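Trainee:
2 protein chains.
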Amino acid sequence: MLTSTVEDYLKTILNMEDMKERASTSRVARRLAVADASVTDMMRKLQKAGLLEYRPYYGVTLTEKGRQTALKVLRRHRLIELFLHRTLGYGWELVHEEAERLEHVVSDLFVERLDALLGFPAKDPHGEAIPDAKGHRQEEHLTCLADARPGAHTILRVKSRDPGFLTFLEQEGLVPSRCLSLLERIPFQGPLKIKLSGKRVPQYLGLEAAKCIFVIAADQGERELLEEAKNRSRHSTGLKDRQVFKNKRRGRERP
Amino acid sequence: MLTSTVEDYLKTILNMEDMKERASTSRVARRLAVADASVTDMMRKLQKAGLLEYRPYYGVTLTEKGRQTALKVLRRHRLIELFLHRTLGYGWELVHEEAERLEHVVSDLFVERLDALLGFPAKDPHGEAIPDAKGHRQEEHLTCLADARPGAHTILRVKSRDPGFLTFLEQEGLVPSRCLSLLERIPFQGPLKIKLSGKRVPQYLGLEAAKCIFVIAADQGERELLEEAKNRSRHSTGLKDRQVFKNKRRGRERP
DNA sequence: GACAATATTTAGATTAACCTAAATTTGTCT
DNA sequence: AGACAAATTTAGGTTAATCTAAATATTGTC
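Quick mapping for you: the protein sequence lines, in order, are chains S and R. First residue of the first sequence? That's 1 in this note's numbering, and the numbers climb one at a time after it. First residue of the second sequence? That's 1001 in this note's numbering, and the numbers climb one at a time after it.
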């Protein structure tokens, strides 16, 4: 079995490949917050294990074996995130950190049961696709809000792990499945003027924030949302749905 | 934060103290399947950390701090076991191993949310008491079936981690909340003749097995069971209850 | 009370994962 | 082409948790 450390290396490298970013020693080191030298050591080790190809002074590429391993970890991570959010009522800004630890210790059985409990979901709370048991991912070509054309859009994904930022976005209502209109783009890297569905007043959003928000044209978005909603309602298990937190502490606490 | 290894040491020592067993170097080593010398090293380290008192050539005793830490781990372990059983539909013979890994990585938030999800349960799937958030445990003075007097009893606890044995017991119907009559005790360490509630034919059970089964007189058992049943029905969440495994694979699998 | 059997500790090594600092390679710019 | 900066690798060291084998302490028995 692989150590958590190895799993983290693979996950990071997969993510870099997804982003078309060369997995050089220093970049991997920066992402994992370790010294360059530690990465060099690890690369050699992972090459010996057949998980990646290592070209000195260039960087690494995952082998098929390495890719599959990384995808398995990603699957665990995202299913756990969704479980934390939906069943345990975690705020979406909290799910990442907890999943980061759990993903390294849960068994295959655990993952498959979670998958079933959640109704074989397609996406995690941030709108990221959950790979299936064979490592297949459904590709989606989303536009980021910063690049979107004026008009109606539906948020499908938010790419960020920063709890503070995610909390802010939630307060503003900028979460997956929310519909909005892009009204105006202030020139010279200025903010975007947007109006959320249901609200009457428009609001402004910084460009950097908009780069993390991924949308689809509103008419196409309809179908996607219906699918999800249907699926979710069939699986309304957990704390969040039943709002146990309002009438808390029964049973053992009051004997 | 403590390492998993440290948590395992503390949990083991707590268990030995509960069993009134002296936590000597060699006994701790045997339980954890490590060399005696490793234990000596660790004891010194844990003493320095104020988690236990170490008397060379004698053994160790937990300090209050050590005890509380161990109880916290135990709480995590047992809540996770119950979650695996009730929400994810794990067989009771599988819960221990998985919990053994999860218990070291889940946050306090996770534990408290699980507790709420499960309806603040008092016991894990084996009938062991779950310590509350402050580390209090409800004491119960149960008789083991091997020592019980003839008559009606209710099983409240089964002390074993051996998957094979637990599977056997489940097949025989010897699980917590089951009622049975002890009919006869065959002399000279012979088996017990018992009859389970609902069944018509009596059966025989080896004495070693009977030592792992803890019971309470049937009339007292009634009340306890009612409490539990009530609590559980208020929280009928999860795979097991809804029997998702029969109509499996929907959603992502069939797009 | 001596002495063997048993339990425990000490000594010295190993492994995974990391570090810092020094050497080396690569790529760019004139 | 040569020189320099940046990136990368090498060298040597650290820490936690383990091991084996040797040394030492405790205990029970005659």
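Beta carbons are placed, not taken as given, at the ideal position from N, Cα and C, and that holds for glycine. Values in this document were obtained by computation on a predicted structure and should not be read as measured data.
Mapping DSSP to helix, strand and coil, what is R/Y1054?
Mentor: R/Y1054: strand per DSSP, three-state reduction.
Trainee: Please look up how many angstroms separate the CB atoms of R/V1215 and R/L1156, rounded, as I've assumed it's under 8 Å.
Mentor: Contact flag correct, Cβ pair sits at about 6 Å.
Trainee: Taking Cβ-Cβ distances below 7 Å as the criterion, which residues of the segment 161–181 of chain S are in contact with chain R?
Mentor: If the cut-off is 7 Å between Cβ atoms, the segment 161–181 of chain S has nothing near chain R.
Trainee: Less than 8 Å between CB atoms is the rule here; does R/T1087 satisfy it with respect to chain S?
Mentor: So yes, R/T1087 belongs to the interface.
Trainee: Of all the CB atoms in chain R, is at least one closer than 8 Å to the CB of S/R113?
Mentor: Answer yes: the Cβ-Cβ gap between S/R113 and chain R drops below 8 Å somewhere.
Trainee: With 16 other CB atoms within 10 Å as the buried threshold, where does S/P150 fall?
Mentor: Exposed, because fewer than 16 other Cβ atoms sit within 10 Å of the Cβ of S/P150.
Trainee: Taking a cut of 8 Å between CB atoms, which residues from the segment 18–43 of chain S lie near chain R?
Mentor: Those residues of the segment 18–43 of chain S that come within reach of chain R (Cβ to Cβ, closer than 8 Å) do not exist; the list is empty.
Trainee: To which residues does DSSP link R/K1211 through a beta bridge?
Mentor: Its beta-bridge partners do not exist; DSSP assigns none.
Trainee: Could you check if S/R249 is buried or exposed, using at least 16 other CB atoms within 10 Å of its CB as the buried criterion?
Mentor: Caution is warranted here: a pLDDT of 36 is assigned to S/R249, below 50, making its placement in the model unreliable, and the coordinate value is therefore given only provisionally. Exposed.
Trainee: Anything in chain R within Cβ reach of S/F110, meaning under 8 Å, just list it in chain order.
Mentor: Correct list: L1084, L1088 and E1098.
Trainee: Does the CB of S/L117 have a neighbour CB from chain R at under 8 Å?
Mentor: By this cut-off, S/L117 is an interface position.
Trainee: Do the segment 1153–1169 of chain R and the segment 1082–1102 of chain R touch if we need at least three Cβ pairs shorter than 8 Å?
Mentor: Cβ pair count under 8 Å is three or more, so yes.
Trainee: Here's a check: name, in chain order, each residue in its chain whose Cβ is nearer than 7 Å to the Cβ of R/D1115, leaving out the five neighbours to either side.
Mentor: Here the set comprises L1079.
Trainee: From this set, S/D18, S/A33 and S/F168, which residue's C-alpha is nearest S/H141's C-alpha?
Mentor: Comparing Cα positions, the closest option is S/D18.
Trainee: With S/A70 as the anchor, note down where its alpha helix (DSSP H) starts and where it stops.
Mentor: Per DSSP, S/A70 belongs to the alpha helix (DSSP H) from E64 to R86.
Trainee: For S/V105, return the contacting residues in chain R, with the cut-off set at a CB-CB distance below 8 Å.
Mentor: Ordered by position in chain R, the residues that pass the 8 Å Cβ test against S/V105 are R1101, L1102, H1104 and V1105.
Trainee: Start and end of the beta strand (DSSP E) containing R/V1158?
Mentor: Here the beta strand (DSSP E) through R/V1158 covers G1151 to V1158.
Trainee: To the nearest angstrom, how far is the alpha carbon of S/A35 from that of S/L102?
Mentor: Those two C-alpha atoms are separated by around 25 Å.
Trainee: Only counting runs of 3 or more residues, tell me where the beta strand (DSSP E) segments fall wholly within the segment 1173–1206 of chain R, in order along the chain.
Mentor: The qualifying runs are 1179–1185, 1192–1196 and 1203–1205.
Trainee: By how many angstroms is the C-alpha of R/Y1058 removed from the C-alpha of R/G1238?
Mentor: Roughly 47 Å separates the two Cα atoms.
Trainee: To the nearest angstrom, report how far apart R/E1208 and R/G1190 are at their CA atoms.
Mentor: Roughly 10 Å separates the two Cα atoms.
Trainee: How many angstroms separate the CA atom of S/P12 from the CA atom of S/S4?
Mentor: For the sequence presented, residue 12 of chain S should be read as Thr rather than Pro. Looking at the two C-alpha atoms, the distance is approximately 12 Å.
Trainee: Tell me which same chain residues have a C-beta within less than 8 Å of the C-beta of S/Q47, skipping the five on either side of it?
Mentor: If we look at S/Q47 and ignore the five residues flanking it on each side, its Cβ neighbours are E53, Y54 and V60.
Trainee: Using CA coordinates, which residue listed in S/R76, S/F110 and S/A99 is at the minimum distance from R/F1083?
Mentor: Of S/R76, S/F110 and S/A99, the residue nearest in Cα terms is S/F110.
Trainee: Sort R/I1213, R/P1131, R/G1135 and R/L1088 by Cα distance to S/G119 and report the nearest one.
Mentor: Closest by alpha carbon: R/L1088.
Trainee: Among the candidates R/L1071, R/F1188 and R/L1183, whose CA atom is the shortest distance from the CA of R/P1256?
Mentor: Not covered by the structure: residue 1256 of chain R. The range shown for chain R is 1001 to 1255.
Trainee: Hey, out of R/A1148, R/D1162 and R/E1081, whose CA is closest to R/A1210's CA?
Mentor: Among R/A1148, R/D1162 and R/E1081, the Cα nearest to that of R/A1210 belongs to R/A1148.
Trainee: Return the bridge partner residues of S/A129 from the DSSP annotation.
Mentor: Answer is S/K123.
Trainee: Taking the alpha carbon of S/C212 as the point to measure from, which residue in S/A122, S/L166, S/R178 and S/Q171 has its own alpha carbon closest?
Mentor: If we check each option's Cα against that of S/C212, S/L166 comes out closest.
Trainee: Give the range of the alpha helix (DSSP H) segment to which S/K11 is assigned.
Mentor: S4 to D18 is the extent of the alpha helix (DSSP H) around S/K11.
Trainee: If you reduce the DSSP assignment to three classes, tell me which class R/D1108 lands in.
Mentor: The answer is helix: DSSP assigns R/D1108 an H, G or I state.
Trainee: Which partner residues does R/A1023 have in the DSSP bridge list?
Mentor: Answer is R/V1060, bridged to R/A1023.
Trainee: Between which residues of its own chain and S/N15 is the CB-CB distance below 7 Å, once the five residues before and five after are set aside?
Mentor: Cβ neighbours of S/N15 beyond the five flanking positions: none.
Trainee: If we ignore side chains and look at the alpha-carbon of each, how far apart do S/D8 and S/L71 end up?
Mentor: Using only the alpha carbons, I get a separation of about 12 Å.
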